[in-house]
Amino acid sequence: MTTTPTLPVDRQDERLANRTGVRGAITGAIDQIRGGDLGVLPVVAGLAVIWTILQILNRGFLSSANLVNLLMECAATGVIALGIVCVLLVAQIDLSVGSVSGLSSAILGILFVTQGWNVWVAVILAVLAGMLIGFIYGQIFNRFGVPSFVITLAGLLSFLGLQLFVLKGRGTINIPFESPLVYFAQLAFVPAWLSYVFIVVAAVSLFLVGYTTARARTAAGLSAQPIQLIIVKSATLLVVLGLIAFYLNQARGIGWMFVLFVALVLVMHYMLTRTRWGRSVYAVGGNVEAARRSGINVRWVYTSVFMTCSTLAAIGGILAASRLAAASQSSGGGDVNLNAIAAAVIGGTSLFGGRGTAFAALLGIIVIQSISSGLTLLNLDSSFRFIVTGIVLLLAVTLDSVSRRSRTSHGRA
Amino acid sequence: MSIPTIDQPASAGRAEPRTSILSLRGASKSFGAVAALTDIDLEVAAGEVVAIVGDNGAGKSTLVKVLSGVHLPDAGTITFESNQVTIPTPTAALDLGIATVFQDLALCDNLNVINNLFLGRELRPGRLDEVAMEVRSWELLRQLSAKIPSVRIPIAALSGGQRQTVAIARSLVGNPKVIILDEPTAALGVAQTAEVLNLVERLRERGLGVIMISHNMADVQAVADRVVVLRLGRNNGEFTVGAVSPEEIIAAITGATDNAVTRRTAQIDLRTASSLDKEVTS
Ligand SMILES: Nc1ncnc2c1ncn2[C@@H]1O[C@H](COP(=O)(O)OP(=O)(O)OP(=O)(O)O)[C@@H](O)[C@H]1O
Ligand SMILES: [Mg+2]
Numbered sequence: 001m002t003t004t005p006t007l008p009v010d011r012q013d014e015r016l017a018n019r020t021g022v023r024g025a026i027t028g029a030i031d032q033i034r035g036g037d038l039g040v041l042p043v044v045a046g047l048a049v050i051w052t053i054l055q056i057l058n059r060g061f062l063s064s065a066n067l068v069n070l071l072m073e074c075a076a077t078g079v080i081a082l083g084i085v086c087v088l089l090v091a092q093i094d095l096s097v098g099s100v101s102g103l104s105s106a107i108l109g110i111l112f113v114t115q116g117w118n119v120w121v122a123v124i125l126a127v128l129a130g131m132l133i134g135f136i137y138g139q140i141f142n143r144f145g146v147p148s149f150v151i152t153l154a155g156l157l158s159f160l161g162l163q164l165f166v167l168k169g170r171g172t173i174n175i176p177f178e179s180p181l182v183y184f185a186q187l188a189f190v191p192a193w194l195s196y197v198f199i200v201v202a203a204v205s206l207f208l209v210g211y212t213t214a215r216a217r218t219a220a221g222l223s224a225q226p227i228q229l230i231i232v233k234s235a236t237l238l239v240v241l242g243l244i245a246f247y248l249n250q251a252r253g254i255g256w257m258f259v260l261f262v263a264l265v266l267v268m269h270y271m272l273t274r275t276r277w278g279r280s281v282y283a284v285g286g287n288v289e290a291a292r293r294s295g296i297n298v299r300w301v302y303t304s305v306f307m308t309c310s311t312l313a314a315i316g317g318i319l320a321a322s323r324l325a326a327a328s329q330s331s332g333g334g335d336v337n338l339n340a341i342a343a344a345v346i347g348g349t350s351l352f353g354g355r356g357t358a359f360a361a362l363l364g365i366i367v368i369q370s371i372s373s374g375l376t377l378l379n380l381d382s383s384f385r386f387i388v389t390g391i392v393l394l395l396a397v398t399l400d401s402v403s404r405r406s407r408t409s410h411g412r413a
Numbered sequence: 001m002s003i004p005t006i007d008q009p010a011s012a013g014r015a016e017p018r019t020s021i022l023s024l025r026g027a028s029k030s031f032g033a034v035a036a037l038t039d040i041d042l043e044v045a046a047g048e049v050v051a052i053v054g055d056n057g058a059g060k061s062t063l064v065k066v067l068s069g070v071h072l073p074d075a076g077t078i079t080f081e082s083n084q085v086t087i088p089t090p091t092a093a094l095d096l097g098i099a100t101v102f103q104d105l106a107l108c109d110n111l112n113v114i115n116n117l118f119l120g121r122e123l124r125p126g127r128l129d130e131v132a133m134e135v136r137s138w139e140l141l142r143q144l145s146a147k148i149p150s151v152r153i154p155i156a157a158l159s160g161g162q163r164q165t166v167a168i169a170r171s172l173v174g175n176p177k178v179i180i181l182d183e184p185t186a187a188l189g190v191a192q193t194a195e196v197l198n199l200v201e202r203l204r205e206r207g208l209g210v211i212m213i214s215h216n217m218a219d220v221q222a223v224a225d226r227v228v229v230l231r232l233g234r235n236n237g238e239f240t241v242g243a244v245s246p247e248e249i250i251a252a253i254t255g256a257t258d259n260a261v262t263r264r265t266a267q268i269d270l271r272t273a274s275s276l277d278k279e280v281t282s
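Chains as they are written, first to last, in this note's numbering: chain A, 1 to 413; chain B, 1 to 282.
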């Protein structure tokens, strides 16, 4: 008798707990977490813990000025991590993103500074180099079935070698301060009023998307989010982002480079969740053979994913060089590789494939940069940074494995 | 290409002059030293239900995979709608209009029911039309009397039978011309089995060719027009349903020639063989 003909078609099964309204949405979310579908919750909780500890250790950590800087530092490696999210989604790995980003910085430095080419031509060629590298990875992977771990390990060494070779005897190439790249990466901040405009636009878009979807669903006889819930969500977004922007605007505000990173995250989110390509990425990560038998061009999915990853790595390299105003033999070396991969995993991308979102890159890199910035403020050297980041990474992967087990027992594998 | 007209009108509406829609001639497939298929012939006409039966390991699933582009046959020709074709990939099979429900179902556990139903055939590739896909999903599932509480839960959360229903529903998405069902009712409940058999009837009425693999003689008798028996990777007889008894089909499956005495001895042989096996292993 719970089933009446007026129920929407997707709500007619009597076993389905009838959750409606705002409260229903909350119970639903709690159920999902219990079932091991943690989403971004662990990383947000972890971030809160890390921030609290670092703030207690150093009063300056949560200051506007430090947070402004922290976000600027996130952009370059964050863009690289975004590519890593994609390869992890198809259950592969790219270990060479550091080298590829370093090579791309070197190409930019040599073409733009040493050879005096137009800056945008240099940028485009550096990005195309990244794209080409990803294409080559894809071809080797598809044709010979070499594990991506090995292909990209070889890439790590080879492209590092190439970077050292092209930069041999040149030392550090300084990118001029008056170039648009350095201006963009160091000095370009969103004016306060514009940051609020962006946030209002974001909240209004969230509302409009939610509202039109709800209307279309109701018209089609399906259950829909109640309008109050959509309003609550949009208003929350407005207030939270507004407060963050207000706080950051007390110092220099939000850097355009960070805005670029967020824009890339949003584009990637759209690609992954709203396009056929995105569906096939998740399908290949979940069950390659099923994807193949559904008529998905699995080889193309792999190639496109490797290309996306290397391209984003190249863009990350350009951003890093712009931020430092220099390209050198050590660009992209050190911990870039590890931080990018760790960020994707800490953000909640599963190493087992088929699970994760573009936001993992954003949240994960903020965690990593927080640790790095907090420990720098405490005058601790990189040894501590490595240890702490390592522990956080281990926690994240453990959580992934545990929640995976919990998902299997709750039927959400 | 003409089909051997062995089919008799079992009921009204079944018997039309049939045009072969998919046929396979002399197909062979080996996996290393194992010859899974040897010189297989198979034919299905529009509006015809062909059952393939055979023991475990007889090569039924391999045959299905040859027709659905998962395995490329080592030899043999495939004719689809009187054109000779090759089916090198699953995409090629789907493009021709051959939809398959695989024995292992081939679903993605991490995707929800809607995403699985429309995998590779999503509506509006650049901006997915989730609403239309959800509506269509419910239609398909209703049609199969599926007992699935929500289409937004991942496949991993479904029971074996529910998954099988999803796999069957998926084969209907692209308006195929031939549907191949590899043991479609193996995990299904009574009502769902009946629905699948009804569905097969309806597909036949709509003029689709249906190839159905089953170990259940009752199901085969209920819907098939023709039964093709495979044994150890070879054709081992072809029967018109209604013209033969289940025993005869079973004899062909097990390889006993068609009389009671040999059948009996074959059974005794089997039994002694298995008891010998036991002695050896114990
Ligand atoms: N991918 C493969 N690699 C190697 N051998 C295979 C492969 N697939 C099938 N075979 C072999 O081919 C033979 C036929 O297998 P097939 O799966 O077609 O049997 P089947 O008739 O579907 O059996 P069942 O009733 O158990 O489903 C078996 O001997 C099997 O071992
Ligand atoms: Mg089989």
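Ideal Cβ positions, reconstructed from N, Cα and C, are used throughout, including at glycine.
Coarse secondary structure for residue i, derived from DSSP in three states
i        : result
A/Ile93  : coil
B/Asp41  : strand
B/Arg152 : coil
B/Asn259 : Annotation note: pLDDT 49 at B/Asn259 (below 50); position unreliable, coordinate value reported separately. Coil.
B/Ala33  : coil
B/Gln164 : helix
B/Phe102 : coil
B/Phe118 : coil
A/Asn174 : strand
A/Val402 : helix
A/Phe352 : coil
A/Gly169 : coil
B/Val85  : strand
A/Ser205 : helix
A/Gly253 : coil
B/Phe239 : strand
Contact belief for residue i with residue j at Cβ below 8 angstroms, rounded distance in angstroms
i        : j        : result
A/Ala314 : A/Val127 : 5 angstroms
B/Arg170 : B/Asn116 : 6 angstroms
B/Val135 : A/Ala220 : 5 angstroms
B/Pro184 : B/Gln221 : Not a contact, Cβ separation roughly 16 angstroms.
A/Leu47  : A/Ile366 : 7 angstroms
Buried versus exposed call for residue i [16 or more other C-beta atoms within 10 Å across all chains shown]
i        : result
A/Ile227 : exposed
B/Ala243 : exposed
A/Thr398 : exposed
A/Val402 : exposed
B/Ala260 : Only weak support is given to the placement of B/Ala260: the predicted model assigns it a pLDDT of 49, under 50, and the value that follows is read from those uncertain coordinates. Exposed: under 16 other Cβ atoms inside 10 Å.
A/Leu181 : buried
B/Arg226 : buried
A/Arg405 : exposed
A/Leu243 : exposed
Closest by C-alpha distance to residue i, when choosing among the options
i        : options                                   : result
B/Ser23  : B/Val70, B/Asn56, B/Gly32 and B/Thr86     : B/Thr86
B/Gly32  : B/Asp74, B/Val244, B/Ala51 and B/Val66    : B/Asp74
A/Tyr196 : A/Thr213, A/Asp10, A/Tyr247 and A/Tyr211  : A/Tyr247
B/Val66  : B/Thr254, B/Ala256 and B/Pro90            : B/Pro90
B/Val223 : B/Met212, B/Leu230, B/Gly233 and B/Ser159 : B/Met212
A/Phe165 : A/Gly116, A/Ile107 and A/Arg215           : A/Ile107
A/Leu153 : A/Val100, A/Ile371, A/Gly255 and A/Thr236 : A/Val100
A/Gly169 : A/Tyr270, A/Thr114 and A/Leu157           : A/Thr114
A/Gly285 : A/Gln225, A/Ser350, A/Gln12 and A/Val209  : A/Ser350
A/Leu264 : A/Gly109, A/Ala361 and A/Ile368           : A/Ala361
B/Ile40  : B/Ala251, B/Arg231 and B/Ala256           : B/Arg231
A/Ala224 : A/Val22, A/Gly78, A/Phe149 and A/Ala327   : A/Val22
Length of the line joining the Cα atoms of residue i and residue j
i        : j        : result
B/Ala186 : B/Ala51  : 14 angstroms
A/Gly171 : A/Met257 : 27 angstroms
B/Thr254 : B/Ser68  : 27 angstroms
A/Gly134 : B/Val241 : 57 angstroms
A/Ile80  : A/Phe159 : 16 angstroms
B/Asn175 : A/Gly155 : 45 angstroms
A/Gln163 : A/Val336 : 15 angstroms
A/Gly28  : A/Met131 : 41 angstroms
B/Gly189 : B/Asp129 : 32 angstroms
A/Ala290 : A/Gly353 : 14 angstroms
- By C-beta, the residues closer than 7 angstroms to any heavy atom of ligand 4, given in chain order: By its list of ligands, the structure shown excludes ligand 4, since it contains just ligand 1 and ligand 2.
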